[in-house]
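Q: The structure's right below; bear with me while I get my questions together.
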Amino acid sequence: MILIDSRVSQWCSLLLYREAGAHVAFLVQSEDLYAAANGSPRTGASWVGGRWFGWSRAKQGPSRPTPTRRRGAGEQLEVGNYKRTVKRIDDGHRLCSDLMNCIHERARIEKTYAQQLTEWAKRWKQLVEKGPQYGTVEKAWHAVMSEAEKVSELHLDIKSALMNDDFEKIKNWQKEAFHKQMMGGFKETKEAEDGYRKAQKPWAKKLKEVEAAKKAYHAACKEEKLAISREMNSKADPALNPEQLKKLQDKVEKSKQDVLKTKEKYEKSLKDLDHVTPQYMENMEQVFEQCQQFEEKRLRFFREVLLEVQKHLDLSNDVSYKNIYRELEQNIKTADAIEDLRWFRANHGPGMSMNWPQFEEWSADFNRTLSRREKKKASDGVTLTGVNQTGDQALQHTKHSSVSSSEKNQSYPTEWSDEESSNPFSSTDANGDTNPFDEDASPAMEVRVRALYDYEGQEHDELSFKAGDELTKTEDEDEQGWCKGRLDNGQVGLYPANYVEAIQ
Numbered sequence: 001m002i003l004i005d006s007r008v009s010q011w012c013s014l015l016l017y018r019e020a021g022a023h024v025a026f027l028v029q030s031e032d033l034y035a036a037a038n039g040s041p042r043t044g045a046s047w048v049g050g051r052w053f054g055w056s057r058a059k060q061g062p063s064r065p066t067p068t069r070r071r072g073a074g075e076q077l078e079v080g081n082y083k084r085t086v087k088r089i090d091d092g093h094r095l096c097s098d099l100m101n102c103i104h105e106r107a108r109i110e111k112t113y114a115q116q117l118t119e120w121a122k123r124w125k126q127l128v129e130k131g132p133q134y135g136t137v138e139k140a141w142h143a144v145m146s147e148a149e150k151v152s153e154l155h156l157d158i159k160s161a162l163m164n165d166d167f168e169k170i171k172n173w174q175k176e177a178f179h180k181q182m183m184g185g186f187k188e189t190k191e192a193e194d195g196y197r198k199a200q201k202p203w204a205k206k207l208k209e210v211e212a213a214k215k216a217y218h219a220a221c222k223e224e225k226l227a228i229s230r231e232m233n234s235k236a237d238p239a240l241n242p243e244q245l246k247k248l249q250d251k252v253e254k255s256k257q258d259v260l261k262t263k264e265k266y267e268k269s270l271k272d273l274d275h276v277t278p279q280y281m282e283n284m285e286q287v288f289e290q291c292q293q294f295e296e297k298r299l300r301f302f303r304e305v306l307l308e309v310q311k312h313l314d315l316s317n318d319v320s321y322k323n324i325y326r327e328l329e330q331n332i333k334t335a336d337a338i339e340d341l342r343w344f345r346a347n348h349g350p351g352m353s354m355n356w357p358q359f360e361e362w363s364a365d366f367n368r369t370l371s372r373r374e375k376k377k378a379s380d381g382v383t384l385t386g387v388n389q390t391g392d393q394a395l396q397h398t399k400h401s402s403v404s405s406s407e408k409n410q411s412y413p414t415e416w417s418d419e420e421s422s423n424p425f426s427s428t429d430a431n432g433d434t435n436p437f438d439e440d441a442s443p444a445m446e447v448r449v450r451a452l453y454d455y456e457g458q459e460h461d462e463l464s465f466k467a468g469d470e471l472t473k474t475e476d477e478d479e480q481g482w483c484k485g486r487l488d489n490g491q492v493g494l495y496p497a498n499y500v501e502a503i504q
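When you line the sequence shown up against the UniProt record's numbering, it's residues 1 to 504, in that order.
Written out as structure tokens, the structure is:
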């Protein structure tokens, strides 16, 4: 192990050329140089570009491999190895675009979710309104749909904040931080690369001279070794004349002189390299710090933007968001099963009012007319008889009609009703003649509808269908909640109006 001290200062140059396992290192602090030269048990190391590497003193005991410097692409101070630092600038521009794409996708998700909530709330509001649910529980159910509509608005606000605030902020910062060149690339990247090249140029030139001197010195050493070997072999050869032996000896002497000259030149080139190394390191450090400052701005900006994104996405701290669920909870808790049962009893149970049959005087007007509406409202299985016009004949008329069991907020019609029985202007009289003062009923337009629930017809004039089946409505809903329709197979009949919805 050969030590060569280039100068006395805090930084020293240590040359350890590798011959039979020797290690090469340079730029070692003086105290480590001293420790290595004096056999101190302290392990020596080399400091280059902010790292320790290199050699270690042989330890007592069994010999073991000595860790040496690993030459890799990550060494900042090696010639040309600044590419990764320069590439980081281009990566910063790409990362800005990636973050914008990320936020744009999230905004699209927020918009889609808001639209789905709105559509879901609208659809289920209609279904609940037309369904059999009633009372306070129905209101609580509607409150769930109202929650969806309000949350939908909040998510639309999130989408707007992400795109109008965060997305635009990144876009503007990227435009201000990176300046494109006419020939491609960015101005900031070119400035960093030019700075590195300028800093490395003098040192790289000296390094090239060192490599050439090293190559010449090693070649001279090899030639010296061959010359000595030939001379020794010639001494053992009796056939070799003295003149030839003299030539071999002269060649050995010349090779030794070449070794000394090349060694001296090699050492001088190393000293020259060591002389420019501190300035080289300072220049490289300066360019590197400029790149670090640029990257620091980007990292701090990203942190700032991500915090703003977090605030926009975090609904847990939004007062309006909390109020939505506070209101929803209150609406659900107001649902009262006892109250709903009491309402149903009063409107559809034994508590509903009843027009009990009473004695009525005979009147000629009673036999004059029966409106179409009265015929339609005749209850199931009830036969209207005893209307005698001449005393010789009896008119017997029977009409069956079904009543929707799911009609909300209405009482079931009583079997007997005189709502219009005494109306002298009804459409049809007892003989079936038409009143000339009545206008013809305008025919209903046919509309395609879809079944919401299964329905099994209870009478021969009722239709049967399954949820999802489509049919054609031929007459609008009557007072009792029934429509007339036609199935695709041509069957015509009645069905509950609230069991279907119009096809948009």
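For glycine and all other residues, C-beta sits at the position ideal for the given N, C-alpha and C.
If you reduce the DSSP assignment to three classes, tell me which class G493 lands in.
A: G493 falls in the strand class under three-state DSSP.
Q: Alpha carbons only, please: which of V449, A114 and F465 is nearest the one belonging to A502?
A: Ranking the options by Cα distance to A502, first place goes to V449.
Q: DSSP three-state label for A467, please.
A: Residue state, collapsed to three classes: coil.
Q: Which word fits K206, buried or exposed, when buried means at least 16 other C-beta atoms lie within 10 angstroms of its C-beta?
A: Buried: at least 16 other Cβ atoms inside 10 Å.
Q: So, at 6 angstroms on beta carbons, what are the nonlocal neighbours of T262 in its own chain, with the 5 sequence-adjacent residues on each side left out?
A: Contacts found: A216, Y217 and A220.
Q: Count the CB pairs spanning the segment 222-236 and the segment 304-317 that are closer than 8 angstroms, and state whether there are at least three.
A: No: the two stretches stay apart, fewer than three of their Cβ pairs being nearer than 8 angstroms.
Q: By Cβ distance below 6 angstroms, which residues in the same chain neighbour E119 in space, the five residues on each side in sequence not counted?
A: Correct list: empty, nothing qualifies.
Q: Determine the burial state of residue 515: buried for a count of at least 16 other Cβ atoms within 10 Å of its Cβ, exposed for fewer.
A: The structure shown does not extend to residue 515, since the chain spans only 1 to 504, so no value can be given for it.
Q: Taking DSSP as the reference, what is the three-state secondary structure of V79?
A: Note: V79 maps to coil in three-state DSSP.
Q: Beta-carbon within less than 6 angstroms of G493's beta-carbon, same chain only, minus the 5 sequence neighbours each way: which residues are those?
A: For G493, where only same-chain residues beyond five positions count, the Cβ hits under 6 angstroms are D461, E462 and L463.
Q: Between which two residues does the alpha helix (DSSP H) carrying A148 extend?
A: That run of the alpha helix (DSSP H) goes G135 to A161.
Q: Would DSSP call G92 helix, strand or coil?
A: If DSSP states are grouped into helix, strand and coil, G92 belongs with the helices.
Q: Can you give me the Cβ contacts of I103 inside the same chain, cut-off strictly under 7 angstroms, excluding the 5 residues immediately before and after it?
A: Hits under 7 angstroms: L162, D166, F167 and V309.
Q: Between W497 and E477, which are expected to be in contact by the criterion C-beta below 8 angstroms, what is the C-beta distance as a whole number of angstroms?
A: Sequence check: residue 497 is Ala here, not Trp. Rounded, the Cβ-Cβ distance is 4 angstroms, consistent with contact.
Q: Hey, M284 and L95: beta-carbon distance below 8 angstroms or not?
A: Result no, Cβ atoms of M284 and L95 do not sit closer than 8 angstroms.
Q: Under 8 angstroms: do the segment 81-94 and the segment 132-149 share three or more Cβ pairs, one atom per stretch?
A: Too few Cβ pairs lie closer than 8 angstroms, so no.
Q: Give me the Cβ distance between V144 and L328, rounded to the nearest whole Å; I'm assuming they're in contact under 8 angstroms.
A: Going by Cβ atoms, the distance from V144 to L328 rounds to 7 angstroms, so yes, they are a contact pair.
Q: Hey, residue 576 and A140: beta-carbon distance below 8 angstroms or not?
A: The structure shown does not extend to residue 576, since the chain is modelled only from 1 through 504, so no value can be given for it.
Q: Quick one: what's K473 bridged to in DSSP?
A: V447 and G485.
Q: Given this structure, state the Cα-to-Cα distance separating Y455 from D469, to the nearest angstrom.
A: Straight-line Cα distance between these residues: approximately 11 angstroms.
Q: Using C-beta distances below 8 angstroms, list every residue in its chain close to K125, excluding the 5 sequence neighbours before and after it, in chain order.
A: Closer than 8 angstroms at Cβ, skipping near neighbours: H142 and M145.
Q: Between the alpha carbons of L99 and G185, how many angstroms are there, rounded?
A: Using only the alpha carbons, I get a separation of about 20 angstroms.
Q: Rounded to whole angstroms, what's the CA-CA distance from I338 to R108? Just pull it up for me.
A: C-alpha separation (whole angstroms): 46 angstroms.
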